[in-house]
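Undergrad: Supplied in structure tokens, the structure appears directly below.
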Amino acid sequence: MLETLQVSEFSQHINNAIARYKYLNREGLSDAESFAELDKVLEQGQKMHQQMNPSDPNYLRFYYDYLYGLDFRGHSKVVIENFTQLNIPLEKLPAYVRHAIADSYLAEQKPKQAEFAYKTLLTEKNYPDMTVYTGLYYSYIEQEKYKEAEQLLAEVDRLIPTYKYSQAKGVDKTSHPDRDDYIALQGMHLAYANHLDQAEKHFQKKVEQAPANESLINNLARVERWREKPLEAKKTISRLNGIDPIAKDTRINEMQNAQALGDIPTWRKITQNLVQYYPDDSGVIKSRKELEDRNRATISHSTTWGQSKADGRDTVSGQNGLKDREMETRLNSPWINDNYRLFAWHQDRYGEYRFGDVHDQRYGVGAEWQANRKALSAIVSQSTDGGQAGVRLDWSQWLNDHWQYQLQYNSQADIPLQALDAGEDGQSYRAAVTWQKDESRQIGASYGLTDISDGNKQQEFSTFWRERLFDAPHHITYGTVRGFYGTNSQDQTAYFSPSSHYSAELNLSHDWVTWREYERSFKQHFEAGVGLYKQADYSAKPTYSLQYQHQWQLSRTWQLNYGIGWQYHPYDGNDEQHTYGIFGFEGRF
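Residue numbers for the sequence shown follow the working numbering, so the first one is 569 and each next one is one higher.
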């Protein structure tokens, strides 16, 4: 049996060790150093636990403090196991113990149980603060209860104080710490709900008001990165240069930004350092796993197959043929020296035409280099029928957060299958440039030239403007306007080759996150398009398109998608319909 004094001392040691951790953590020490005292106290608590039994009058008092200390140390699984063994209804436990249990449930990805535990704290007199409200907020978010989370934030705004007042004469009031935390959570909620533009404006305004606030600066940088502006985020983080010690959140932000910029050596160096400092942090764990993923082989595959028909005719003029299929598979090696990898590639194209079937298969091997948002790949391929070997080169580069260009050369271009059947081959050149404001707006243009051995030179120029039209926690809608103009130097060929043709199209796409549970999700994708197509020697006619997909995130490393589509398009003055299916997956071994 333990004396009351021993239990009281244990309780005091827990509180002292937690206070010690908070101080050392602010000074920039590692978790191992900051938690050293608490680890000793918890080790002592484990020994005391073995000496006690439920009949001991000090048993519950000790147990409550022990659970509190375990939760603060991050031993959430142990907390839940011990709480279950305690066999006492949650509502009968002291508030601080319920709080620890709620935090542990949330850490163990059991948000429903966490929500229940947090709610028992709301009626405790003078107990709820931003730590309780924040925990309850995230228990809602992790159950996809965005409406309840938003209602909670509105209620919290009314409940927490705005200012902290000093008893000292002449000392001005300051912003209350809970209010600061609320302002940060308010901005992050906008980001979680896909209102990234509003979140960025929120933090920009708050940083203007408090230009030295580390938390606000880090949150602004985080949202800028989510808006696909990593260089801007890096610039924002640099505002904290010279501050010593460097805050944990700042170091993690630097790590994640290096990853977004494709600076793999820096990303690896910071991650390895933070694994030593903060091994249990979720952001550090995720970064470590994603670095380890680069040591694993990957695969990607896509297949489309379909059939076409023309109104009142038993043949079609389009390049797809009566039936068509295209498959592409790529197997990548693990990354070598951070920036290099090898890959094997296979492509299979098939078309059924009035004169017969045409089948083209190519396989190849290649190498890829990526660094700092620049990428170069080269592949040597060969057709299975013993045709000429081909080389394809691809280059892309982001010049800054807004401009990207791409170049491509292919000595064995994907010319129409009818041309291949006639013994032709071709080479192609392509250049594209894209400007993006952020994730909400992209504008691009591309030019392509295909030189076919029958003397035909195909030229294509295309443009697009993509704009986000609607965003909500589970819904995002984009509108895209596309323009196309193409010419062929020869129009008397075995394949579709008008002397000139052009089109304009308006496309709406919508993504609905139907189900999500941490790293797994199910998304439904919808597309609908309408346009106008004009071919030389024929009048302009409308075009229509529909597509529906299921997109599964099966795990952190595996994705699957499948769907169906339909297109209505005129060729040589005749309206043709193309119905098709799609299937694809990608993942890491």
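C-beta: ideal position from N, C-alpha, C; glycine also.
#1: Would you call L573 buried or exposed, if buried means 16 or more other Cβ atoms sit within 10 Å of its Cβ?
#2: Mark N1056 as exposed unless 16 or more other C-beta atoms lie within 10 angstroms of its C-beta, in which case mark it buried.
#3: Would you call P657 buried or exposed, if buried means 16 or more other Cβ atoms sit within 10 Å of its Cβ?
#4: Residues in its own chain within less than 6 Å of K942 by CB, not counting five upstream and five downstream?
#5: Taking all protein chains shown into account, decide if D671 is buried (16 or more other Cβ within 10 angstroms of its Cβ) or exposed.
#6: Please confirm whether A935 and Y908 have their CB atoms less than 8 Å apart.
#7: For S644, count the other beta carbons within 10 Å of its own beta carbon; 16 or more makes it buried, fewer makes it exposed. Which is it?
#8: CB-CB under 7 Å to E659, same chain, minus the five flanking residues each way: which ones, in chain order?
#9: Tell me the DSSP bridge mates of A1096?
#10: Is Q1179 buried or exposed, if buried means 16 or more other CB atoms sit within 10 Å of its CB?
#11: With distances taken Cα to Cα, identify the nearest neighbour of S707 among L674, V724, E1073 and N1129.
#12: Sort out for me which residues DSSP pairs Q1036 with in a bridge.
#13: For T818, count neighbouring C-beta atoms within 10 Å of its own C-beta (all shown protein chains included) and say buried if the count is 16 or more, exposed if not.
#14: Should S996 and G1016 be called a contact, given that it needs their Cβ atoms to be closer than 8 Å?
#15: So, does the stretch 1062-1080 touch the stretch 975-989, judging by three or more C-beta pairs under 8 Å?
#16: Cutting at 7 Å between CB atoms, please list the residues of its own chain near D928, excluding the five before and the five after it.
#17: Can you give the beta carbon distance from N821 to A778, rounded, assuming they're within the 8 Å contact cut?
#18: Could you tell me the distance, in whole angstroms, from the CA atom of S1067 to the CA atom of N978?
#19: Mind reading off the beta-carbon distance from Y636 to V665? Whole number of angstroms is fine, and I expect it under 8 Å.
#20: Tell me whether K797 is buried or exposed, calling it buried when 16 or more other Cβ atoms sit within 10 Å of its Cβ.
#21: Assuming the contact rule is C-beta atoms closer than 8 Å, Q1127 and E1154 should be a hit. Round their C-beta distance to whole Å, please.
#22: List the endpoints of the continuous alpha helix (DSSP H) containing K774.
#23: Is it true that the CB of A939 sits closer than 8 Å to the CB of L961?
#24: Hey, F1038 and V1049: beta-carbon distance below 8 Å or not?
#25: Taking 8 Å as the cut-off, does the stretch 1079-1090 touch the stretch 1102-1121 (at least 3 CB pairs, one atom from each stretch)?
TA: In short, the structure shows the following:
#1: exposed
#2: buried
#3: exposed
#4: Q965
#5: buried
#6: yes
#7: buried
#8: T688
#9: L1076 and L1114
#10: Only positions 569 to 1157 of the chain appear in the structure, and residue 1179 is not among them; the question remains open.
#11: L674
#12: For the sequence presented, residue 1036 should be read as Arg rather than Gln. Looking at the DSSP assignment, R1036 forms a beta bridge with Y1046.
#13: buried
#14: yes
#15: yes
#16: R917, S951, L985 and L988
#17: The pair is not a contact, with the Cβ atoms about 17 Å apart (cut-off 8 Å).
#18: 23 Å
#19: 6 Å
#20: buried
#21: 5 Å
#22: L764 to Q777
#23: no
#24: no
#25: yes
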